[in-house]
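Participant: The structure is given below, and queries will be raised subsequently.
In full-length UniProt numbering, the protein residues as written are 1 to 166.
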């Protein structure tokens, strides 16, 4: 009997220098480089390995809700598990921004534990700008978490955050 192949599904974020969760990236001057070239450059600086980003990896654009008013462009990249492991190692060992702009890479838990841990607790943390909304959009769009489970995780996270604010 053949053994079914298991695909590792994960989503990567980073802990930033200011203690907020976010995604790798940075400012791009459109007069000097394309969005994709700028993101590829930023990934090299922040994760320590070249990860080529193309227009096919584009997901969406949003106006950041707080000053400075920036338009953020969101991309996702599907990679193999071996490449993910290489990126995680390089992010610590060779990334120019490790320990400065980036404190470390973080895998997003794509599950909910019986006690409400996992994704709901992760979503209750603090995110930079609209990174939380981008994460939720990507998880839904890529089908990494079933919609009903994602909605419940958001509900639990919002309750937890409200409790923390009291």
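Yeah, the Cβ is synthetic: ideal placement off N, Cα and C, and Gly gets one too. Treat the numbers as computed from the prediction; the structure is a model and nothing was measured.
Per DSSP, what kind of secondary structure is residue 131 in: helix, strand or coil?
Facilitator: As a position in the chain shown, residue 131 is number 131, starting the count at 1. Correct three-state label for residue 131: helix.
Participant: Could you pull the start and end residues of the beta strand (DSSP E) that residue 11 belongs to?
Facilitator: Working through the chain shown from its first residue, we reach residue 11 at position 11. Looking at the DSSP string, residue 11 is not in any beta strand (DSSP E), and its letter there is neither H nor E.
Participant: Taking the Cβ atom as the reference point for each residue, do residue 128 and residue 41 lie within a distance shorter than 8 Å?
Facilitator: Numbered from its first residue, the chain shown carries residue 128 at position 128. Numbered from its first residue, the chain shown carries residue 41 at position 41. No, the pair does not count as a contact, with Cβ atoms beyond the cut-off.
Participant: CA-CA distance, residue 106 and residue 35?
Facilitator: Here residue 106 refers to the residue found at position 106 of the chain shown. Here residue 35 refers to the residue found at position 35 of the chain shown. Straight-line Cα distance between these residues: approximately 24 Å.
Participant: Would residue 112 be called buried (16 or more neighbouring beta carbons within 10 Å of its own) or exposed?
Facilitator: Residue numbering aside, residue 112 sits at position 112 when the chain shown is read from its first letter. With 16 or more other Cβ atoms within 10 Å, it is buried.
Participant: Am I right that residue 77 and residue 59 are in contact with their C-beta atoms under 8 Å? What's the rounded C-beta distance?
Facilitator: Position 77 of the chain shown, counted from the first residue, corresponds to residue 77. Position 59 of the chain shown, counted from the first residue, corresponds to residue 59. Contact doesn't hold; Cβ gap of about 10 Å is too wide.
Participant: Run through DSSP, which three-state label would residue 20 get?
Facilitator: The count along the chain shown starts at 1 and reaches residue 20 at position 20. In the structure shown, residue 20 sits in coil (DSSP, three-state: anything other than H, G, I, E or B).
Participant: Do you know how far the Cα of residue 102 is from the Cα of residue 162?
Facilitator: On the chain shown, residue 162 is found 162 positions in, with the first residue counted as 1. On the chain shown, residue 102 is found 102 positions in, with the first residue counted as 1. About 28 Å.
Participant: Three or more C-beta pairs closer than 8 Å, one from the segment 118-127 and one from the segment 64-72: is that the case here?
Facilitator: No contact exists between the segment 118-127 and the segment 64-72.
Participant: Helix, strand or coil: which one does DSSP assign to residue 117?
Facilitator: The residue labelled residue 117 in the question sits at position 117 within the chain shown. DSSP places residue 117 in coil when its eight states are reduced to three.
Participant: If we ignore side chains and look at the alpha-carbon of each, how far apart do residue 44 and residue 145 end up?
Facilitator: Taking the first residue of the chain shown as position 1, residue 44 is located at position 44. Taking the first residue of the chain shown as position 1, residue 145 is located at position 145. Near 28 Å, if we compare the C-alpha coordinates of residue 145 and residue 44.
Participant: What are the boundary residues of the alpha helix (DSSP H) that residue 154 is part of?
Facilitator: Here residue 154 refers to the residue found at position 154 of the chain shown. Per DSSP, residue 154 belongs to the alpha helix (DSSP H) from 147-165.
Participant: Could you check whether the segment 135-155 touches the segment 80-90, counting it as contact only if at least three pairs of C-beta atoms, one from each stretch, sit closer than 8 Å?
Facilitator: No, the segment 135-155 is not in contact with the segment 80-90.
Participant: Buried or exposed for residue 85, please, with buried defined as at least 16 other CB atoms from any protein chain shown within 10 angstroms of its CB.
Facilitator: Start at 1 with the first residue of the chain shown, and residue 85 comes out as number 85. Exposed, since its Cβ has fewer than 16 Cβ neighbours within 10 Å.
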